[in-house]
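Remarks on the structure that follows.
Number of protein chains: 2
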Amino acid sequence: MSASQFSTKQRILGAAEALFAQHGFAGASLRQVTSAANVNLAAVNYHFGSKDNLIEAVFRRRLDALNARRHAALAKVEANPAATLEDALDAFIRPALELALDRHGGAAFMRMLARAYAEHDERLRRFLSDNYGHVLREFAVVFHRMLAHLAKEELYWRLDIVAGALTYTMADFGLIKRRAGTSETAHREYTIEHLVRFAAAGLRAA
Amino acid sequence: MSASQFSTKQRILGAAEALFAQHGFAGASLRQVTSAANVNLAAVNYHFGSKDNLIEAVFRRRLDALNARRHAALAKVEANPAATLEDALDAFIRPALELALDRHGGAAFMRMLARAYAEHDERLRRFLSDNYGHVLREFAVVFHRMLAHLAKEELYWRLDIVAGALTYTMADFGLIKRRAGTSETAHREYTIEHLVRFAAAGLRAA
DNA sequence: CCCCGTATCAAACGAACGTTTGAAGGATAG
DNA sequence: CTATCCTTCAAACGTTCGTTTGATACGGGG
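Right under this line is the structure:
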């Protein structure tokens, strides 16, 4: 009798995502993970090799898609000569918020991402920068063009604040229940709009 | 021969602060802490009772002063009828940034605080809310008065973004080297001014 | 002087950790 | 049926964890 329709690998990834989000990478043990996933303890090392590799696999499963969608959205912005700062921010925010609001563990993943943001673990930072940093750098170039009046140094630390604030906020959004009577899409559009406006105001501030 | 001019208790608190900031609460072991503090392993449980109590003591040592200074600064704002939103934000930001920029472990503490912000650990959240939540609620009241046009719900989640963004940013600021030739106070004032403007723009955004 | 409370120490406790092992299934191909 | 490969399993590996213990040193007050 299998405990779920998903494969052992997928069940491990799902359970790990939820537990890493809740207790952190060091705080969640492989025994907790395999117990929640209803698989044998040895399955983690069999399928992933080590706990560190499992952590990377959890990131990879979501970030490949998230990064691709952010990249595609940004490409559309760059193709449009009339695109505004708000459009670029939308390209950054929308894919992440859709992920945070989906029902298949996306919220847990965003909380895990926010945790990784707060951690200054060298190995994890290098992994994320090496594999997913190029899209962030593409965004930086576009923001630099749209905010040409800002000194490079000033722009970079504003982007740092904005990226941190957005990641932190979106991580918590999966937990907040939306107001009764509003549809899922209305809630999402409302949130995106406000996040974009909030971020744009901060980036443009004189 | 003592390894430092400070007492065993103080050396433990200092080492714990630095290691918790770097590796997290679960990730930093008492053996790392006591080794860095040059004290015996048993000293932690002798002076603090448990690792959890040590964590709380590390918070208490800094937060008592930080909260008091924020409270005092806010009281001055409330006493001034002409005070602006920027003044209130200054009252929130300045004490924390001064802590983050001081040379006696303040930077490590702010990184630790940002970590606690990202963690959703129930015990830690309750401890912080019970002991230090009242000042944050005072700020919320003032912001509510200064931004009366915003719906309560809207205000609260904007404050949530701002508090998170500021905490994250200030946590990283202790790590950033200031531009050559600028004085410590000039650097601080520059940073505070920009953080205040950034936060005010986000809070006021139409 | 002895006593007593405080502090430090090396050593050990049981529990939990990540990882490895070797045997047992279970499906598929020859 | 046998052989092979992939997967799962219980059990154990050595290590490290937070915590506890009992001995030892120290330092005034009676």
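Protein chains in written order, with our numbering: chain A, 55 to 260; chain B, 55 to 260. Glycine is no exception: its CB is placed at the ideal position from the N, C-alpha and C atoms.
Contact under 8 Å by Cβ, A/Leu257 with A/Val216: Reading the first sequence from its first residue, position 203 is the one you call residue 257 of chain A. Reading the first sequence from its first residue, position 162 is the one you call residue 216 of chain A. Their beta carbons are under 8 Å apart, which means A/Leu257 touches A/Val216 by this criterion.
When burial is assigned at 16 or more other CB atoms within 10 Å of the CB, is B/Pro149 buried or exposed? Translated into the one-based positions of the second sequence, residue 149 of chain B becomes position 95. With 16 or more Cβ atoms within 10 Å of its Cβ, B/Pro149 is classed as buried.
Please confirm if A/Asp184 has its CB atom under 8 Å from at least one CB of chain B. For this step, residue 184 of chain A is matched to residue 130 along the first sequence. Chain B contact via Cβ: absent.
Which runs of the alpha helix (DSSP H) spanning at least 4 residues fall entirely within the segment 220-254 of chain B, listed in chain order? none
A/Ile109 at chain B interface by Cβ criterion, 8 Å: Counting from 1 along the first sequence, the entry for residue 109 of chain A is found at position 55. So no, A/Ile109 is outside the interface.
Min CB distance B/Asp214 to chain A below 8 Å: The residue given as residue 214 of chain B occupies position 160 in the second sequence. Yes, B/Asp214 counts as interfacial toward chain A.
Which residues, in order along the segment 119-135 of chain A, keep a beta-carbon less than 8 Å from a beta-carbon of chain B? none
Output yes or no for whether 8 Å exceeds the beta carbon distance between A/Glu238 and A/Met166. Along the first sequence, one-based indexing puts residue 238 of chain A at 184. Along the first sequence, one-based indexing puts residue 166 of chain A at 112. Against a cut-off of 8 Å, the Cβ pair of A/Met166 and A/Glu238 comes out as no contact.
Closer than 8 Å, CB to CB, is B/Val235 near chain A or not? The residue you call residue 235 of chain B lines up with position 181 of the second sequence. Before going further, note that residue 235 of chain B is Gly rather than Val in the sequence given. Answer no: the Cβ-Cβ gap between B/Gly235 and chain A never drops below 8 Å.
Use the C-beta contact count for A/Thr236: other C-beta atoms within 10 angstroms, 16 or more gives buried, fewer gives exposed. Position 182 of the first sequence, counted from the first residue, corresponds to residue 236 of chain A. So A/Thr236 counts as exposed.
Runs of 4 residues minimum, wholly inside the segment 156-187 of chain A: which ones carry the alpha helix (DSSP H) assignment? 160-172
Suppose contacts are defined by Cβ-Cβ distances below 8 Å. Is B/Ala122 in contact with B/Met200 by that definition? Working through the second sequence from its first residue, we reach residue 122 of chain B at position 68. Working through the second sequence from its first residue, we reach residue 200 of chain B at position 146. The answer is no: Cβ separation not under 8 Å.
Is the distance from the Cβ of B/Gly218 to the Cβ of A/Tyr222 below 8 Å? One-based indexing of the second sequence puts residue 218 of chain B at position 164. One-based indexing of the first sequence puts residue 222 of chain A at position 168. Their beta carbons are under 8 Å apart, which means B/Gly218 touches A/Tyr222 by this criterion.
Since B/Val93 is in the alpha helix (DSSP H), which residue starts that stretch and which ends it? One-based indexing of the second sequence puts residue 93 of chain B at position 39. Unbroken run through B/Val93: none, as it is neither H nor E.
For the candidate residues A/Tyr210, A/Glu176 and A/Ala91, whose alpha-carbon lies nearest to that of A/Lys63? Counting from one through the first sequence, the residue named residue 63 of chain A turns up at place 9. Checked all of A/Tyr210, A/Glu176 and A/Ala91; the closest Cα to A/Lys63 is A/Ala91.
Starting from A/Leu73, trace the alpha helix (DSSP H) both ways and give me its first and last residue. Here residue 73 of chain A refers to the residue found at position 19 when the first sequence is read from its first residue. First-last of the alpha helix (DSSP H) with A/Leu73: Thr62 to His77.
Could you name the residues of the same chain whose beta carbon sits closer than 6 Å to that of A/Gly160, not counting the 5 residues immediately before and after it, in chain order? Here residue 160 of chain A refers to the residue found at position 106 of the first sequence. For A/Gly160, where only same-chain residues beyond five positions count, the Cβ hits under 6 Å are Leu153 and Ala154.
When the Cα atoms are used, what is the spatial distance from A/Gly103 to A/Leu84? Residue 103 of chain A sits at position 49 when you count from the first residue of the first sequence. Residue 84 of chain A sits at position 30 when you count from the first residue of the first sequence. If I take the Cα positions, the gap works out to 12 Å.
By Cβ distance, which residues of its chain are closer than 6 Å to B/Tyr186, with the 5 residues on each side in sequence left out? Here residue 186 of chain B corresponds to residue number 132 of the second sequence, with the count starting at 1. Once the five neighbours on either side are set aside, the close Cβ partners of B/Tyr186 are Leu117 and Asn121.
According to DSSP, is B/Met55 part of a helix, a strand, or is it coil? Position 1 of the second sequence, counted from the first residue, corresponds to residue 55 of chain B. Because B/Met55 carries a pLDDT of 42, less than 50, the predicted location of this residue cannot be relied on, and the following value inherits that uncertainty. Coil.
Please state whether DSSP places A/Pro135 in a helix, a strand or coil. Translated into positions along the first sequence, residue 135 of chain A becomes position 81. Coil, per DSSP.
Which residues in chain B sit within 7 Å of A/Gln76, going by Cβ to Cβ distance? Taking the first residue of the first sequence as 1, we reach residue 76 of chain A at position 22. Within chain B, the residues near A/Gln76 are His174.
Going by DSSP in three states, B/Ala122 sits in which element: helix, strand or coil? Residue mapping note: residue 122 of chain B aligns to position 68 of the second sequence, counting from 1. DSSP places B/Ala122 in helix when its eight states are reduced to three.
Assign A/Arg180 to buried or exposed, taking buried as 16 or more other Cβ atoms, counted over all protein chains shown, within 10 Å of its Cβ. Reading the first sequence from its first residue, position 126 is the one you call residue 180 of chain A. With fewer than 16 other Cβ atoms within 10 Å, it is exposed.
From A/Thr138, A/Ala80, A/His125 and A/Ala254, residue whose alpha carbon lies closest to that of A/Leu178: Looking up residue 178 of chain A in the first sequence gives position 124. Closest by alpha carbon: A/Ala80.
Shortest alpha-carbon distance to B/Asp184 belongs to which of B/Ala234, B/Asp144, B/Glu207 and B/Glu110? Here residue 184 of chain B is taken as the residue at index 130 of the second sequence, counted from 1. The option with the nearest alpha carbon to B/Asp184 is B/Glu110.
Show which residues of chain B have a CB atom less than 9 Å away from the CB atom of A/Gly81. Taking the first sequence and counting its residues from 1, one reaches residue 81 of chain A at position 27. Within 9 Å Cβ-Cβ: Gly78, Phe79, Ala80, Gly81, Glu173 and Asp175.
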